[in-house]
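**Student:** Quick one: the structure is below, questions incoming.
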Amino acid sequence: MASEMDQLAEELEKEVWASYTEAVRDHAKNPRNAGSMPNADGFAVVTGPCGDTMKIWLRVKEKVIRQATFWTDGCGPSIASGSMVTELAKGKSIPGVMRIAHKDVLEALGGLPEESRHCALLAADTLKEAVKDYLAYQNEPWKQAYRKRGTG
Ligand code: FES
Numbered sequence: 001m002a003s004e005m006d007q008l009a010e011e012l013e014k015e016v017w018a019s020y021t022e023a024v025r026d027h028a029k030n031p032r033n034a035g036s037m038p039n040a041d042g043f044a045v046v047t048g049p050c051g052d053t054m055k056i057w058l059r060v061k062e063k064v065i066r067q068a069t070f071w072t073d074g075c076g077p078s079i080a081s082g083s084m085v086t087e088l089a090k091g092k093s094i095p096g097v098m099r100i101a102h103k104d105v106l107e108a109l110g111g112l113p114e115e116s117r118h119c120a121l122l123a124a125d126t127l128k129e130a131v132k133d134y135l136a137y138q139n140e141p142w143k144q145a146y147r148k149r150g151t152g
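Going by the numbering used here, the sequence shown opens with residue 1, and the numbers climb by one from there.
Here is the structure:
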């Protein structure tokens with residue numbers, strides 16, 4: 001009985017993921033850089049039009065993204081997109097990371113079905129907002145005393 005249920009679950013999972021690339025499946029099931037970052041240098045939380053939210057934390061040293069992490073309450077493709085966008089961000093300069101667009105996330109994932117393309121947009125938008133947060137913080141260091149970091 002259990003094996004019949006397992007088989008059914010396996011078939012259902014295959015069906016659900018059938019329209020996604022191997023890269024999307026991999027990043028959704030084994031997300032890279034998942035989780036919050038204490039004392040981040042940049043942080044943003046963005047809610048997309050679908051109502052799902054993504055958070056991104058950045059560690060920046062000498063104007064280069066050394067680490068980027070994310071969290072989302074969204075769908076599988078949003079997990080894959082958060083995972084991929086944080087991978088793309090690592091090692092980039094500030095101008096370089098600001099150039100990461102949702103088409104870059106889509107390309108790196110090998111594409112997403114039309115109905116899931118906004119998930120990549122949410123990831124790219126959240127990354128941009130986290131960089132803007134970093135830049136604002138650089139321009140206004142006096143805010144350091146009270147700015148909320150690493151939570152949200
Ligand atoms: Fe909302 Fe994917 S459906 S982020």
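Ideal placement from N, C-alpha and C gives every residue a C-beta, glycine not left out.
Just so you know, these numbers come straight off a predicted model, no measurement behind them.
Can you find at least 3 beta carbon pairs, one from the segment 35 to 51 and one from the segment 89 to 109, that sit closer than 8 angstroms?
**Tutor:** Touching, no, given that fewer than three Cβ pairs across the two stretches are closer than 8 angstroms.
**Student:** Do residue 18 and residue 81 have their C-beta atoms within less than 8 angstroms of each other?
**Tutor:** Cβ distance not < 8 angstroms, so residue 18 and residue 81 don't count as in contact.
**Student:** Count the other C-beta atoms from every protein chain shown that fall within 10 angstroms of the C-beta of residue 46, then say buried if there are 16 or more, exposed otherwise.
**Tutor:** With 16 or more other Cβ atoms within 10 Å, it is buried.
**Student:** Beta carbon of residue 74, beta carbon of residue 54: below 8 angstroms?
**Tutor:** Cβ atoms of residue 74 and residue 54: closer than 8 angstroms.
**Student:** Using only CA atoms, which one of 126, 137, 79 lies nearest to residue 48?
**Tutor:** Considering only alpha carbons, the answer is 126.
**Student:** If you compare alpha carbons, which of 13, 68, 21 is closest to residue 129?
**Tutor:** Answer by Cα proximity: 68.
**Student:** Work out the CA separation of residue 102 and residue 91 for me, nearest whole Å.
**Tutor:** Near 18 angstroms, if we compare the C-alpha coordinates of residue 102 and residue 91.
**Student:** Whole-angstrom Cβ separation of residue 24 and residue 112, contact assumed at under 8 angstroms?
**Tutor:** Indeed, because the Cβ distance is near 7 angstroms, the residues count as touching under 8 angstroms.
**Student:** So, residue 28 versus residue 65, is the Cβ gap smaller than 8 angstroms?
**Tutor:** The answer is no: Cβ separation not under 8 angstroms.
**Student:** Going by DSSP in three states, residue 54 sits in which element: helix, strand or coil?
**Tutor:** In this structure, residue 54 counts as strand in the three-state DSSP scheme.
**Student:** Pick helix, strand or coil for residue 78, following the three-state DSSP scheme.
**Tutor:** Residue 78 falls in the helix class under three-state DSSP.
**Student:** Which residue's Cα is closest to the Cα of residue 72: 50, 12, 9, 63?
**Tutor:** Selected option, being the one with the closest Cα: 50.
**Student:** Say the cut is 7 angstroms; is the CB of residue 12 nearer than that to a heavy atom of ligand 1?
**Tutor:** Every heavy atom of ligand 1 is 7 angstroms or more from the Cβ of residue 12, so no.
**Student:** Give every residue of the same chain whose Cβ lies closer than 6 angstroms to the Cβ of residue 5, excluding the five residues on either side of it in the sequence, and list them in chain order.
**Tutor:** Nothing meets the Cβ criterion.
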